[in-house]
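In the numbering used here, each residue's number is its place in the sequence shown (first place is 1) plus 16. Ideal Cβ placement from N, Cα and C applies to all residues, glycine included. What follows is one structure encoded as structure tokens, with my remarks underneath.
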Amino acid sequence: MRHEELGIVIDNSAFLPDQDPSLIQAARMIYDTYYSVHPNVTELPLGVAISRSTYRGKLIFNGKPILLPQECFIPLSVMNAR
């Protein structure tokens, strides 16, 4: 059964950040730090799930992330666009 059939509403706005430059910069820093610590990893992530309040986050490599209410998802394409 699909989530629409169960009456579950998915808020896609959490996956499209308000283009807050500080969030995008923090996501880029998380990305850069990960690859400096793990230089042998060649897989590219889909993006970064990041907290709007603490700026802590983690790279997401597969699937649509399940986010907490204070989190948003910054796609790799948004991080690379700036």
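In chain order, what residues of the same chain lie with their CB nearer than 7 Å to the CB of residue i, ignoring the 5 residues before and after it?
i: L92; result: L60, P61, L62 and G63
i: I90; result: P33, L39, I40, A43, G63, V64 and I66
i: V94; result: I40
So who's on the other strand from residue i, going by DSSP bridges?
i: I63; result: Contrary to the premise, residue 63 reads as Gly rather than Ile in this sequence. Answer is I76 and P91.
Excluding the five sequence neighbours on either side, which residues of its own chain have a C-beta within less than 6 Å of the C-beta of residue i, listed in chain order?
i: E87; result: A65 and S67
Just to confirm the assignment, what range does the alpha helix (DSSP H) spanning residue i have?
i: D36; result: Note, D36: premise wrong, no alpha helix (DSSP H); not H, not E.
By a C-beta neighbour count over all protein chains shown, 10 Å radius and 16 as the cutoff for buried, is residue i buried or exposed?
i: G75; result: Note on identity: in this sequence residue 75 is Leu, with Gly being the wrong assignment. Counting Cβ neighbours within 10 Å, L75 comes out buried, since at least 16 surround it.
i: G79; result: exposed
i: I82; result: exposed
If you drop the 5 nearest sequence neighbours on each side, which residues of the same chain put their C-beta closer than 8 Å to that of residue i?
i: Y71; result: S38, L39 and A42
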